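A short write-up of the structure that comes next.
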Amino acid sequence: MAYTVYSRRVVITRTPAVKITSVGKIVLNAAASQLLHGKGAKWVLLLYDLQERKIGLRIIKKKAKQSYSVSYGSHLSQASMWAKSFLVTLGWDGKSYSNIDAHWDDEQCLLELKMPQWGMNADRENTVLRDTGQQIAG
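Numbering (my numbering), first residue to last: 244 to 381.
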């Protein structure tokens, strides 16, 4: 029997993008990874805006109680942070979301992305943000 060589398809994007994995990890593509590394990011604060459905990763200089460590892949091909509890707090449904466009906000010193439309089959009108009492916009 003859073997066939598999040609893998690699999608290369030059714009920052984010993936949220099914295990609660936020993964940045190479463009976003290089951007954060170039700004000296070792720690970030995870921010959210429920009204605008945005998530922000703000670079901070020193480790803080609320900060998340940024782990970089070899050759800055990606960066990641574990954020399961943060995502669950926002109503995340535990599914994976890929190719979420992100952009750098120089004024606020953060990487910003739109929150995916997770849990769209759920009753979002009655979903209250855990431990805050804030209601999620449906």
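No residue lacks a Cβ here, since even glycine has one placed at the ideal position from N, Cα and C.
Note that this is a predicted model, so its numbers are computed, not measured.
Each of L288, L300, V261 and S317 was checked against the Cα of D348, and the nearest Cα belongs to L300.
Of all C-beta pairs linking the stretch 333-350 to the stretch 305-313, fewer than three are shorter than 8 Å, placing the two stretches out of contact. Your pair A275 and L354 checks out as a contact, with CB atoms roughly 6 Å apart and the cut at 8 Å.
The C-alpha of S323 is placed about 5 Å away from the C-alpha of I269. Cβ neighbours of P359 within its own chain (closer than 8 Å, five residues either side excluded): I263, Y340 and I343.
Your pair Y291 and K297 checks out as a contact, with CB atoms roughly 7 Å apart and the cut at 8 Å.
In the structure shown, K357 adopts extended strand secondary structure according to DSSP, grouped into three states. Contact annotation: L288 and A307 have beta-carbon atoms nearer than 9 Å.
In the three-state reduction of the DSSP assignment, A326 falls in the coil class. Within its own chain, the residues whose Cβ lies closer than 6 Å to the Cβ of K282, once the five positions on either side in sequence are excluded, are I302, listed in chain order.
L271 and K304 have their C-alpha atoms roughly 19 Å apart.
Beyond the five residues adjoining it in sequence on each side, P259 comes within less than 8 Å, by CB distance, of L271, N272, A274, A275, L278, D344, A345, H346, W347 and L354 in the same chain, given in chain order.
Where G281 is concerned, the enclosing alpha helix (DSSP H) starts and stops at A273 to G281.
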